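Chains L and Y supply the protein sequences, listed in that same order. With the first letter of the first sequence counted as 1, position 15 gets the number 14 in numbering that gives the first Met the number 0; the numbers rise by one all the way through. With the first letter of the second sequence counted as 1, position 103 gets the number 102 in numbering that gives the first Met the number 0; the numbers rise by one all the way through. Report on the following structure.
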Amino acid sequence: MENQKLVLVETLCVHYEIETSFFESLEEIGLIVLVRENEGIYISEEKVTDFEKVLRLHEELNVNLEGIDVIFNLVKKVEELQIELALVKQRLGYLNKEI
Amino acid sequence: MDFIDYYKTLGLAQTASPEEIKKAYRKLARKYHPDVNPDNKESERKFKEINEANEVLSNPENRTKYDKYGKDWKHGEDYERQQQNRRRSQGQGGARQGSSGQGFSDSDFSEYFESMFGGGGSGFRQSGRNVKYKGQDLTAELHLNLRDVYEDFPQVLDVNGNKIRVTIAAGIENGQTIKIPGKGSPGANGGPNGDLYIKIQLKNDTDFNRMGNNLHKNIELDLYTAMLGGELLTDTFDGKVKLKIAPETQNDTKVKLKGKGFPVYKKKGEFGDLILSYTITLPKNLTEKEKELFIELKTLR
Chain L
0 MENQKLVLVE
10 TLCVHYEIET
20 SFFESLEEIG
30 LIVLVRENEG
40 IYISEEKVTD
50 FEKVLRLHEE
60 LNVNLEGIDV
70 IFNLVKKVEE
80 LQIELALVKQ
90 RLGYLNKEI
Chain Y
0 MDFIDYYKTL
10 GLAQTASPEE
20 IKKAYRKLAR
30 KYHPDVNPDN
40 KESERKFKEI
50 NEANEVLSNP
60 ENRTKYDKYG
70 KDWKHGEDYE
80 RQQQNRRRSQ
90 GQGGARQGSS
100 GQGFSDSDFS
110 EYFESMFGGG
120 GSGFRQSGRN
130 VKYKGQDLTA
140 ELHLNLRDVY
150 EDFPQVLDVN
160 GNKIRVTIAA
170 GIENGQTIKI
180 PGKGSPGANG
190 GPNGDLYIKI
200 QLKNDTDFNR
210 MGNNLHKNIE
220 LDLYTAMLGG
230 ELLTDTFDGK
240 VKLKIAPETQ
250 NDTKVKLKGK
260 GFPVYKKKGE
270 FGDLILSYTI
280 TLPKNLTEKE
290 KELFIELKTL
300 R
């Protein structure tokens with residue numbers, strides 16, 4: 000945790016023209032972890048991608064934060080199933096080759 | 000390059016009102032948005048198509064132009080000029096823009112669109128808002144043979160003109176994606192660079208079947224060796240091995256050679272197993288003499 004690079008939330012707020020309160024709502028719902036250090040609020044640099052995804056879903060598709068949480072969970076499941084499917088296909092290919 | 004029916008793309012009649020266009024676009028965007036369709040090229044393509052349709056139909060000026068000249072775009076007054084512009088602005092190959100991103104690059108529009116409305120810089124991009132702080136993630140595919148990744152495989156990739164050294168660790172799975180942090184597009188306003196994702200596609204160039212860390216191979220055994228036992232020389236992935244065949248070996252018998260499988264990903268020195276299955280081949284075209292001997296065998300049983 001200590002080695003992770005942090006990005007000041009304020010910087011992102013300026014860049015995306017959003018309020019700090021948006022980040023607090025995200026934290027409350029458990030979509031994002033905020034780090035508070037020396038009176039500044041930060042987000043881990045590798046979580047910026049997740050944050051940007053949240054922002055896109057929110058602004059481009061008008062999904063509310065609870066909906067985004069649901070989407071994240073479902074997308075994760077889809078990804079797991081895709082990996083499983085690829086594995087099953089590989090096995091099936093092997094069986095077919097045997098016949 | 001063909002005419003594109005943007006009304007059809009959004010499932011609308013040419014008489015559709017601006018509200019109907021907006022509604023249709025939003026509905027399709029919810030369905031095909033890349034953030035809700037992980038690793039799905041088909042929906043990525045669809046999403047680009049509906050965005051393009053929306054760029055044209057939601058903008059009154061563009062829509063008028065499209066309705067008027069759309070089908071005769073080839074005769075458009077400034078077609079030639081724009082063709083030349085387009086050629087000039089055509090970009091590089093290599094890794095494509097990642098699916099996880101927004102922020103369209105020029106190449107996200109069809110040739111038809113660009114010849115009609117010009118390249119990316121034509122000024123009706125939605126807003127400056129979607130310039131990302133973190134740089135765009137890039138995704139690339141790397142095609143290797145199975146044999147390549149039996150050992151660590153150093154590789155120099157050319158991503159949009161940048162040479163990137165990577166080592167693909169032995170034992171990587173087919174379809175596995177590796178992330179190279181910070182090697183995507185540069186960020187904006189001091190933001191971090193995007194990441195590079197490399198999806199490994201393995202082609203099996205061997206007669207082993209790989210399942211996880213184990214390798215499987217079928218071995219044909221003639222009837223007599225199966226019945227009487229004997230020795231057999233066979234290939235493993237990295238050399239030959241002499242197998243002892245037990246007398247009365249049955250069809251489909253499986254033999255496990257421990258540690259002769261594929262290397263375990265990122266666990267140096269660890270290997271899976273090689274699993275051999277025996278398929279017994281029966282003799283054909285028996286001679287009279289052989290037939291007699293088989294009859295004798297039969298009566299003995």
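Ideal Cβ positions, reconstructed from N, Cα and C, are used throughout, including at glycine. These numbers come from a predicted model, not from an experiment.
- If you check each beta-carbon in the segment 44 to 64 of chain L against every beta-carbon of chain Y, the ones closer than 7 Å belong to GLU44, VAL47, THR48, GLU51, LYS52, ARG55, LEU56, GLU59, LEU60.
- Y/ILE218: member of the beta strand (DSSP E) spanning 213 to 221, first to last residue.
- Exclusion of the five residues before and after Y/LYS202 leaves ASN144 as the residues of its chain whose Cβ lies within less than 6 Å of its Cβ.
- Residue burial is scored here from C-beta neighbours: Y/THR14 has fewer than 16 other C-beta atoms within 10 angstroms and is therefore classed as exposed.
- Proximity to Y/GLN175 across Y/ASN188, Y/PHE207, Y/THR138 peaks at Y/THR138, based on C-alpha coordinates.
- If you draw a straight line from the Cα of L/ARG90 to the Cα of Y/ASN36, it comes to about 25 Å.
- Rounded to whole angstroms, the gap between the alpha carbons of Y/TYR68 and Y/ALA12 is 17 Å.
- Pairwise C-beta distances place the segment 186 to 206 of chain Y out of contact with the segment 281 to 288 of chain Y, as fewer than three of them are shorter than 8 Å.
- Taking each of Y/ASP272, Y/ASP1, Y/THR205, Y/VAL263 in turn and checking the Cα distance to Y/ARG146, the smallest one comes out for Y/THR205.
- Around Y/ALA52, the same chain offers TYR5, THR8, LEU9 as residues with beta carbons nearer than 6 Å, after the five sequence neighbours per side are excluded.
- Around the beta-carbon of Y/ILE294, fewer than 16 other beta-carbon atoms lie within 10 Å, marking it exposed.
- The DSSP-derived three-state label of Y/LEU256 is strand.
- For Y/ASP38, the C-beta contacts it makes with chain L under 8 Å involve GLU78, GLN81, in order along the chain.
- The beta-carbon separation of L/VAL47 and L/TYR41, rounded to 11 Å, does not stay under the 8 Å limit for a contact.
- Annotated three-state conformation of Y/LEU9 is coil, per DSSP.
- In this structure Y/PRO180 is not in contact with Y/ASP157, their Cβ atoms being roughly 19 Å apart against a cut-off of 8 Å.
- By the Cβ neighbour-count rule, Y/HIS142 is exposed, with fewer than 16 other Cβ atoms within 10 Å of its own.
- When the alpha-carbon of Y/GLY258 is set against those of Y/ILE244, Y/VAL240, Y/ARG25, the nearest one is in Y/VAL240.
- Burial check for Y/ALA225: the Cβ neighbour count within 10 Å reaches 16 or more, so the residue is buried.
- Within the segment 129 to 199 of chain Y, the complete beta strand (DSSP E) segments of 3 residues or longer fall at 137 to 144, 152 to 158, 161 to 167, 176 to 179, listed in chain order.
- Separation of the CB atoms of Y/ILE3 and Y/SER114 is rounded to 11 Å, and the pair is thereby denied contact status at 8 Å.
- Less than 8 Å separates the beta-carbon of Y/SER276 from that of Y/ASP251.
- For Y/VAL254, no CB of chain L lies under 8 Å from its own CB, so it is not counted at the interface with that chain.
- Counting other Cβ atoms within 10 Å of its Cβ, Y/GLN135 reaches 16 or more and is therefore classed as buried.
- Around the C-beta of L/GLY29, fewer than 16 other C-beta atoms lie within 10 Å, and the residue is accordingly described as exposed.
- Exposed is the label assigned to Y/LEU222, since fewer than 16 other Cβ atoms lie within 10 Å of its Cβ.
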